[in-house]
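Heads up: the sequence shown at position 123 corresponds to 123 in UniProt numbering, and the numbers run straight through without jumps.
Glycine included, C-beta positions come from ideal geometry on N, C-alpha and C.
The structure presented is a predicted model; accordingly, all values stated were derived computationally and were not measured.
Notes follow the structure.
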Amino acid sequence: MNNINHIEKVADIIKVLNGGIKFYEEALNKVDAQSIKVVFGRMIVQKRSAVAKLQPYAIAETGEVEKDSSMAVDVRKTYTKLLSAVSSDSDHTYVSQLEEVEDKTLEVIREALEEEQPVAVKQVLLGVLSDAKLAHGEMRSLEKMTS
């Protein structure tokens, strides 16, 4: 039987979520369309909620609050800054890159679910995965609308 000490990869998920929050916050100030700003704001709230749900398990996993962000998300944010500087459609550039961040979020949640987790952790991860799938779908639709 698993116990709380066998939690795996929850801190990794939080790192990706934290990177996503920072990226959405920055993008919120860079895009022009109000409708996109509303979506980005909703994504920030959703990711903060996921972090709050996962943080107790990250503390159990690593012994401390996870505050870092994912290097993969940070690199994508830098890439987007460069791309939007030369692009005439920064809204689409940000949406497209944030859709990729949503892909990464789904990937790390699924990796954590492949691990043998305590039941309570698995339940929270499944809920976070469900929310992440919705967010990904919304960003994918927004990407198609802005292209």
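In this structure residue 47 is buried. Its beta-carbon is surrounded by 16 or more other beta-carbon atoms within 10 angstroms. If you draw a straight line from the Cα of residue 49 to the Cα of residue 124, it comes to about 11 Å.
Sequence-distant Cβ neighbours of residue 58 in its own chain, meaning closer than 6 Å and more than five residues away, are 10, 11, 14, 66.
Scanning 122, 118, 133 for the CA closest to the CA of residue 103 turns up 133. Pairing residue 70 with residue 137 gives a Cβ-Cβ distance that is not under 8 Å. Judged by DSSP secondary structure, residue 92 falls within the alpha helix (DSSP H) whose first and last residues are 90-114. For residue 137, the enclosing alpha helix (DSSP H) starts and ends at 119-146.
If the five residues before and after residue 91 are omitted, its C-beta is found closer than 7 Å to the C-beta atoms of 31, 32, 33, 36, 146, all from its own chain and listed in chain order.
Only residues of its own chain outside the window of five on either side were considered, and among them 16, 19, 20, 23, 101, 104 have a CB closer than 7 Å to the CB of residue 73, listed in chain order.
Per DSSP, the unbroken alpha helix (DSSP H) holding residue 44 starts and ends at 34-62.
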